[in-house]
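Data first, discussion second: the structure below is written as structure tokens.
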Amino acid sequence: MRAADVSDWGSLVFEIMSQQTPISRVQPIWIEWMERWPTPADLATASSADIIVAWANLGYPSRALRLKACATAIVEKHGGEVPLTMKDLTLLPGVGVYTASALLAFRHGIRVPVLDTNVRRVLVRFLDGREFPPHTTPSKAETSRADVLLPENGHDAADVSLSLMEFGALVCTQLSPSCNECTIRTNCAWASAGYPKDEKRPTPQPYAGTDRQARGRIMKALRTAHFEGSEGLTKRRVLDVARIDGGDRYQPTRVYRALIKEGMIVYDEDSKRVTLPR
DNA sequence: CATCCGTGGTA
DNA sequence: TTACCAAGGAT
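Heads up, the first sequence is in my numbering, so the first residue is 5 and it goes up one at a time.
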């Protein structure tokens, strides 16, 4: 949330939840989350299992653990207060340049470019006449020319950034932009060039049959088990839910081991049960 | 630097 | 129904 009565921590939580996730799905979970864990100190001492369950269907549950690690870092290194410099913010787990910029610009009117995927696409089309940015991460050149483009006042700059983001999300979209209704097409380099298709388009990521789907199955089963108060699942059961159409025979054990290694799940030798981490 | 990391609504 | 999509980060 970017409203005035929301804390910096609340805003940071919202930004992290919103990474690659629709806002409509974030909103209700964020509200409950902030009532339950209002400060970094609250989240830092919370159970990882509770955190993963509360993360629910936001996707990429490793972000939930990173958010907890972020809270811990803020408590231990910044006295429980969200730091407000690009350097300190991007050193926090789960906080990259985009998230740090969004917090600084939208909440504090600090004059920094905010380059999300939408803004990058809008700029590369309008200025370079290309369909997509050449790399998956912003170059220094992209950042500096975005900086030059922003007005002097930080709050005005934030307004411009937000407008660019929404313009990219609603008009200058990835695969089917509304160029016919675009009000700036007469100045757009991509329009002038005749909307050339890019050679290298963003690589589509399949889902069915992948490790991600198998991991999702395991995590969902364990979330449900924890929510229902059970003591976890047998390893056999976990490997069984990880068996999906399109997966190879090694997939269940492969993703199981990966989740263990990442600390997303734990196996208790005594109870012989797999659970979410304490 | 390209790839991997979920999820469920929607056209 | 299937395919696409949605405010990135870590490695």
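Using N, Cα and C, we set each Cβ at its ideal position, and we do this for glycine too.
Contact set for residue i: own chain, Cβ-Cβ below 7 Å, skip 5 residues either direction
{"i": "A60", "result": "I33"}
{"i": "P87", "result": "L93"}
{"i": "W13", "result": "T43, P44 and V86"}
{"i": "I248", "result": "G213, Q217, A218 and R221"}
{"i": "W41", "result": "L47 and A50"}
{"i": "F231", "result": "V57"}
{"i": "T25", "result": "L62 and G63"}
{"i": "G172", "result": "N122, V123, R125 and V126"}
{"i": "L95", "result": "none"}
Option nearest residue i by Cα separation, candidates the options
{"i": "K204", "options": "R134, Y211 and V175", "result": "R134"}
{"i": "A73", "options": "E185, S52 and V57", "result": "S52"}
{"i": "P370", "options": "V118, N122 and A246", "result": "Given that the chain is displayed from residue 5 to residue 282, the structure contains no residue 370 and the question cannot be resolved."}
{"i": "S275", "options": "A75, T140 and K239", "result": "K239"}
{"i": "R111", "options": "Q255, S11, Q209 and K265", "result": "S11"}
{"i": "E273", "options": "A262, G250, Y254 and E235", "result": "E235"}
{"i": "H139", "options": "T228, P281, P206 and E185", "result": "P206"}
{"i": "R277", "options": "D252, K265 and A229", "result": "A229"}
{"i": "P97", "options": "L69, V57 and T89", "result": "L69"}
{"i": "R149", "options": "P200, K224, L95 and R124", "result": "R124"}
{"i": "M268", "options": "N191, G233, D151 and R227", "result": "R227"}
{"i": "Q178", "options": "G250, F136 and K144", "result": "F136"}
{"i": "G250", "options": "P210, C192 and L237", "result": "P210"}
{"i": "C176", "options": "Y199, P65 and A246", "result": "Y199"}
Length of the line joining the Cα atoms of residue i and residue j
{"i": "G63", "j": "T49", "result": "22 Å"}
{"i": "T187", "j": "Y271", "result": "57 Å"}
{"i": "W194", "j": "D160", "result": "26 Å"}
{"i": "M21", "j": "D120", "result": "15 Å"}
{"i": "P142", "j": "W37", "result": "31 Å"}
{"i": "R258", "j": "D244", "result": "13 Å"}
{"i": "A7", "j": "E19", "result": "13 Å"}
{"i": "E170", "j": "P155", "result": "18 Å"}
{"i": "R241", "j": "I35", "result": "33 Å"}
{"i": "M90", "j": "V99", "result": "10 Å"}
{"i": "P281", "j": "K265", "result": "12 Å"}
{"i": "T76", "j": "Y260", "result": "27 Å"}
{"i": "G233", "j": "M223", "result": "15 Å"}
{"i": "D252", "j": "D215", "result": "10 Å"}
{"i": "P256", "j": "C183", "result": "46 Å"}
{"i": "L263", "j": "Y254", "result": "14 Å"}
{"i": "L153", "j": "L237", "result": "55 Å"}
{"i": "K144", "j": "D163", "result": "22 Å"}
{"i": "S66", "j": "V17", "result": "14 Å"}
{"i": "D9", "j": "E39", "result": "14 Å"}
{"i": "D151", "j": "A246", "result": "46 Å"}
{"i": "L174", "j": "E185", "result": "11 Å"}
{"i": "S15", "j": "S28", "result": "16 Å"}
{"i": "C192", "j": "T279", "result": "54 Å"}
8 Å Cβ shell around residue i - same chain, five flanking residues per side excluded
{"i": "H82", "result": "D92"}
{"i": "V79", "result": "P44, A45 and A48"}
{"i": "G84", "result": "T43, P44, A45 and I78"}
{"i": "K201", "result": "E135"}
{"i": "T147", "result": "P117 and L119"}
{"i": "S196", "result": "G133"}
{"i": "A225", "result": "L237, R241, V242 and V245"}
{"i": "R189", "result": "C183 and A195"}
Residues near residue i in its chain [Cβ-Cβ closer than 6 Å; skip 5 each side]
{"i": "V118", "result": "S105, A106, A109 and S165"}
{"i": "G158", "result": "G113, I114 and R115"}
{"i": "V30", "result": "M21 and S22"}
{"i": "I55", "result": "A68 and K72"}
{"i": "L285", "result": "Beyond the ends of the chain as shown, which are 5 and 282, falls residue 285; an answer cannot be given."}
{"i": "P1", "result": "The structure shown does not extend to residue 1, since the chain spans only 5 to 282, so no value can be given for it."}
Stretch-stretch touch, CB-based, cutoff 8 Å, three pairs: the region 91-111 with the region 124-134: no
Start-end ranges of the alpha helix (DSSP H) lying completely within the region 6-31, minimum 4 residues: 12-21
Complete runs of the alpha helix (DSSP H) confined to the region 239-280 [at least 4 residues]: 239-245 and 255-266
Contiguous alpha helix (DSSP H) assignments of at least 4 residues, all confined to the region 124-212: 144-153, 158-174 and 193-196
Secondary structure, alpha helix (DSSP H): runs of 4+ residues fully inside the region 32-109: 44-48, 52-59, 66-82, 90-94 and 101-106
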